[in-house]
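Enquirer: Chains as they are written, first to last, in the numbering used here: chain L, 302 to 687; chain H, 61 to 425.
Have a look at this one before I ask anything.
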């Protein structure tokens, strides 16, 4: 830059080519380790929060090592579940927390309030637990209309009552205008483990069947379409809903047959399956992979159309109301029936979408009969050019 | 599913593949020019289903991939200026220039916004008159009409804070340049359906005749591609070299004349460098004199930062089909979508990214 009179980021010295080249996003050649791109002069990118490879690098490269016991990393690759089990007492407690930042605050099929309840209820449920209590923290930007806050708060209350959990504690902070994007919510949930079900992201084994409880891609395409006014919002609505009734149905119908549960939110089905394959491989000490049948994937027509137009892979799109269940093969049919007939209809569209292999990667059998690897998404989902 | 399922029917695909196998009596090398078609071929594994002798060569038709480094560096320099909003399509934001990319600049405070249409950039300019809004206008004939309309709209609204950094490229001159290369192995082309939807296919007729290559205007769904390949192989086997249209549901010979008029009013044809391919005569669009006031390159006179291509990247050979991504020693190791060395790994339409997303493994070291 030569415009000394109007110093920009480059010219002001805040951002110099020299400072960017090493360590920043383009540090190449670089070792494929967890600290890739996280050097001294690196900054957080939006993609670090998208649930894909960048998110994992941030977690494993910065956050987890810093909080490990005694300052030492506990293991090279800790298994990352949706929630933590707190042992002790007559019933094991399951504990999870999540922050919610969504633009727009209201969208077809839900809003930030119901999403904050469902998200944490579901994370607790994916450990095989029935949630019973929630804590709620609000960060409110100065200038937010009180009726908007009121509408969100009522939605939180309604969603919690419907899910059978109580909001028992909370906190409210107001930050100056411009410091936040309207409203952020954080929910923390507690649940009790159900008997007969001990799912873990590391427990999938070759031969297991992979089930999904309902259509995929609805939440991500709805929010994107509503935010950008793309015109699909008349046809689609977020699938945001609580899933613990499905978990309870599985626990009752096929006790001891459920190996893994995961709700494929940010990063979509692709990220969840890659994480499960990775963690299960590490736990089994041998490769664990997953084969998907493209023809069996429940993709609603408007979602497929939106993904086509935007150049998105439906397997990378976020969901908020379906779960993946890895089930022992001899009980898969019963598990599918239990999902489909669970109270409330959340699993009415359940389908068998694939199976676990010993190949170590996630592979899709395409409609045309070929195979391709399903990769972990990298960062943000960006619309393509044409 | 209407308009999608019909073009992904496994039974029809098997029938087309069987017909292709019966038709091809010897090996043929066909180039799909368009990155979108490369993406479908690789994603659906069509490459692997074709009869052994039919080889697809992936062409230079990814607008993100062929945008010169100088243009990217200039966009990055403009984005880094205070009071500027740099807008572009999402997949341009991750393309590495010599030093950085737009997402990294955004994380450090630059106002970089992905848009779905250049009209969105005009709307931002109208809504935020105290900021200079720049649209990085790249792409083939497909995106040029919308960009032309955006410039016309900005003119009608009298916006003085809107400009475009233009790096448009044209397909037929690139095909001609490839065919003039003595090492060119391409025996037939799939022409990109959406380019022809805008421009028609008249421009391809002299190419087919002069270089004796069949050209099939082809759509983007798996069955479109299989049928386009079959039509091209039929021509090759019969010794014909004509322009045929597989994509009849979207393309007419004369294209979309209203779109062509808008492009002709706002732009004029100029020589243009292509990233990885070098300069190609009369292969790009620049703003016509009547619209030169919207030229961001003129408005933000910035001395070029030194551009630097990574010497390890073989993007040029990938874009001409001389090598495939899995030949590259950096593929999947030092060069991944997470940290790309060259543009074909950045864009979802890029050949290297399409290979990587499909999990194709490196074949040589």
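C-beta atoms are modelled at their ideal positions from N, C-alpha and C, and glycine is treated no differently.
Leaving out five residues on either side along the sequence, give the residues of the same chain with a beta carbon under 6 Å from the beta carbon of residue 470(L).
Expert: Your numbering for residue 470(L) matches position 169 in the first chain. Around residue 470(L): 436.
Enquirer: Skipping 5 residues on each side, what residues in its chain have a beta carbon closer than 6 Å to that of residue 259(H)?
Expert: Counted from its first residue, the second chain places residue 259(H) at position 199. Closer than 6 Å at the Cβ level, and outside the excluded window around residue 259(H), lie 201 and 315.
Enquirer: Could you pull out every unbroken alpha helix (DSSP H) segment of at least 4 residues lying fully inside the region 336 to 419 of chain H, listed in chain order?
Expert: The qualifying runs are 356 to 359, 375 to 379 and 411 to 417.
Enquirer: Curious, which full-length alpha helix (DSSP H) runs of at least 4 residues does the region 542 to 591 of chain L contain?
Expert: Listed in chain order, the complete alpha helix (DSSP H) runs (minimum 4 residues) inside the region 542 to 591 of chain L are 545 to 554 and 569 to 585.
Enquirer: Take the Cβ of residue 190(H) as the centre, count every other Cβ of all protein chains shown within 10 Å, and call the residue buried at 16 or more, exposed below.
Expert: As a position in the second chain, residue 190(H) is number 130, starting the count at 1. So residue 190(H) counts as exposed.
Enquirer: Could you tell me the distance, in whole angstroms, from the CA atom of residue 83(H) to the CA atom of residue 250(H)?
Expert: Within the second chain, numbered from 1, the residue matching residue 83(H) stands at position 23. Within the second chain, numbered from 1, the residue matching residue 250(H) stands at position 190. When rounded, the distance between both Cα atoms is 17 Å.
Enquirer: Do residue 434(L) and residue 491(L) have their C-beta atoms closer together than 8 Å?
Expert: Walking along the first chain from the start, residue 434(L) turns up at place 133. Walking along the first chain from the start, residue 491(L) turns up at place 190. Yes.
Enquirer: Considering only the beta carbon of each residue, do residue 122(H) and residue 410(H) sit closer than 8 Å?
Expert: The residue given as residue 122(H) occupies position 62 in the second chain. The residue given as residue 410(H) occupies position 350 in the second chain. Going by C-beta atoms, residue 122(H) is nearer than 8 Å to residue 410(H).
Enquirer: Closer than 8 Å, CB to CB, is residue 289(H) near chain L or not?
Expert: The sequence position of residue 289(H) within the second chain is 229, counting from 1. It does not: the Cβ of residue 289(H) has no partner Cβ on chain L nearer than 8 Å.
Enquirer: Which chain L residues are close to residue 282(H), counting only those with a beta carbon under 7 Å from its beta carbon?
Expert: Sequence index remark: in the second chain, residue 282(H) carries index 222 (1-based). Here the neighbours are 669.
Enquirer: Indicate whether at least one CB of chain H lies closer than 8 Å to the CB of residue 679(L).
Expert: Working through the first chain from its first residue, we reach residue 679(L) at position 378. Cβ-Cβ to chain H under 8 Å: yes for residue 679(L).
Enquirer: Check whether chain H comes within 8 Å of residue 421(L), counting only Cβ atoms and requiring the distance to be less than that.
Expert: Position 120 of the first chain, counted from the start, is the residue given in the question as residue 421(L). It does not: the Cβ of residue 421(L) has no partner Cβ on chain H nearer than 8 Å.
Enquirer: Once DSSP output is grouped into helix, strand and coil, what is the label at residue 657(L)?
Expert: As a first step, residue 657(L) must be located in the first chain, where it is residue number 356. Of the three classes helix, strand and coil, the one that applies to residue 657(L) here is strand, per DSSP.
Enquirer: From which residue to which residue does the alpha helix (DSSP H) around residue 133(H) run?
Expert: As a working note, residue 133(H) is residue 73 in the second chain. Unbroken alpha helix (DSSP H) run through residue 133(H): 129 to 139.
Enquirer: Can you tell me which residues form a DSSP beta bridge with residue 174(H)?
Expert: Position 114 of the second chain, counting from 1, holds the residue named residue 174(H). Answer is 148(H).
Enquirer: For residue 456(L), which three-state DSSP category applies?
Expert: Mapped onto the first chain, residue 456(L) falls at position 155. Three-state DSSP puts residue 456(L) in a helix.
Enquirer: Enumerate in chain order the residues of its own chain whose CB-to-CB distance from residue 324(L) is below 6 Å, with the five nearest sequence positions on each side excluded.
Expert: Working through the first chain from its first residue, we reach residue 324(L) at position 23. Low local confidence applies: a pLDDT of 28 at residue 324(L) is under 50, so the model's placement there is unreliable, with the coordinate-based value given in what follows. Cβ within range, chain order: 340, 342 and 343.
Enquirer: Along the region 72 to 105 of chain H, where does the CB come closer than 8 Å to a CB of chain L? Name the residues.
Expert: Answer set for the region 72 to 105 of chain H: 73, 74, 96, 102, 103, 104 and 105.
Enquirer: Output the distance between the C-alpha atoms of residue 228(H) and residue 85(H), rounded to the nearest integer angstrom.
Expert: Taking the first residue of the second chain as 1, we reach residue 228(H) at position 168. Taking the first residue of the second chain as 1, we reach residue 85(H) at position 25. Going from the Cα of residue 228(H) to the Cα of residue 85(H) covers about 40 Å.
Enquirer: I'd like to know whether the C-beta of residue 299(H) is nearer than 8 Å to at least one C-beta of chain L.
Expert: As a working mapping, residue 299(H) is identified with position 239 in the second chain. Not one chain L Cβ lies under 8 Å of residue 299(H).
Enquirer: Give me the residue from 335(H), 168(H), 329(H) and 263(H) with the minimum Cα distance to residue 312(H).
Expert: Residue mapping note: residue 312(H) aligns to position 252 of the second chain, counting from 1. Closest by alpha carbon: 263(H).
Enquirer: Under DSSP, the beta strand (DSSP E) around residue 422(H) begins and ends at which residues?
Expert: Position 362 of the second chain, counted from the start, is the residue given in the question as residue 422(H). That residue, residue 422(H), is in no beta strand (DSSP E); it is neither H nor E in DSSP.
Enquirer: Report buried or exposed for residue 148(H), applying the criterion of at least 16 other Cβ atoms within 10 angstroms of its Cβ.
Expert: By one-based count along the second chain, residue 148(H) stands at place 88. Buried: at least 16 other Cβ atoms inside 10 Å.
Enquirer: List the residues of chain L whose Cβ lies closer than 7 Å to the Cβ of residue 108(H), in chain order.
Expert: Reading the second chain from its first residue, position 48 is the one you call residue 108(H). Ordered by position in chain L, the residues that pass the 7 Å Cβ test against residue 108(H) are 671.
Enquirer: Distance, Cα to Cα, residue 635(L) vs residue 392(L)?
Expert: Residue mapping note: residue 635(L) aligns to position 334 of the first chain, counting from 1. Residue mapping note: residue 392(L) aligns to position 91 of the first chain, counting from 1. The straight-line gap from Cα to Cα measures roughly 27 Å.
Enquirer: What do you reckon, are the CB atoms on residue 574(L) and residue 663(L) nearer than 8 Å?
Expert: For the purposes of this step, residue 574(L) is taken as the residue at position 273 of the first chain. For the purposes of this step, residue 663(L) is taken as the residue at position 362 of the first chain. For residue 574(L) and residue 663(L), yes; Cβs fall inside 8 Å.
Enquirer: Counting along the chain, where does the alpha helix (DSSP H) carrying residue 103(H) start and finish?
Expert: Translated into the one-based positions of the second chain, residue 103(H) becomes position 43. Where residue 103(H) is concerned, the enclosing alpha helix (DSSP H) stretches over 95 to 103.
Enquirer: Check this for me: beta carbons of residue 536(L) and residue 603(L), under 8 Å apart or not?
Expert: Counting from one through the first chain, the residue named residue 536(L) turns up at place 235. Counting from one through the first chain, the residue named residue 603(L) turns up at place 302. Cβ distance < 8 Å, so residue 536(L) and residue 603(L) count as in contact.
Enquirer: With 8 Å set as the bound, which would you pick, yes or no: does the beta-carbon of residue 176(H) sit closer than that to a beta-carbon of chain L?
Expert: Position 116 of the second chain, counted from the first residue, corresponds to residue 176(H). So yes, residue 176(H) belongs to the interface.
Enquirer: Can you list, in chain order, the residues of its chain with a C-beta nearer than 7 Å to that of residue 109(H)? Leave out the 5 residues immediately preceding and following it.
Expert: Residue numbering aside, residue 109(H) sits at position 49 when the second chain is read from its first letter. These residues qualify, in order along the chain: 77.
Enquirer: From what residue to what residue does the beta strand (DSSP E) around residue 305(H) run?
Expert: Position 245 of the second chain holds residue 305(H). Note, residue 305(H): beta strand (DSSP E), 303 to 305.
Enquirer: For residue 223(H), which residues in the same chain have their Cβ closer than 6 Å to its Cβ, ignoring the five residues on either side in sequence?
Expert: Taking the first residue of the second chain as 1, we reach residue 223(H) at position 163. Contacts found: 194, 354, 356 and 359.
Enquirer: Are the beta-carbon atoms belonging to residue 505(L) and residue 397(L) less than 8 Å from one another?
Expert: In the first chain, counting from the first residue as 1, residue 505(L) sits at position 204. In the first chain, counting from the first residue as 1, residue 397(L) sits at position 96. Not a contact, by the Cβ cut-off of 8 Å.
Enquirer: Around the C-beta of residue 68(H), are 16 or more other C-beta atoms found within 10 angstroms, so that it is buried, or is it exposed?
Expert: Taking the second chain and counting its residues from 1, one reaches residue 68(H) at position 8. Flag for residue 68(H) reads buried.
Enquirer: What's the C-alpha gap between residue 282(H) and residue 653(L)?
Expert: Residue 282(H) sits at position 222 when you count from the first residue of the second chain. Residue 653(L) sits at position 352 when you count from the first residue of the first chain. Each residue's Cα considered, the two are about 25 Å apart.
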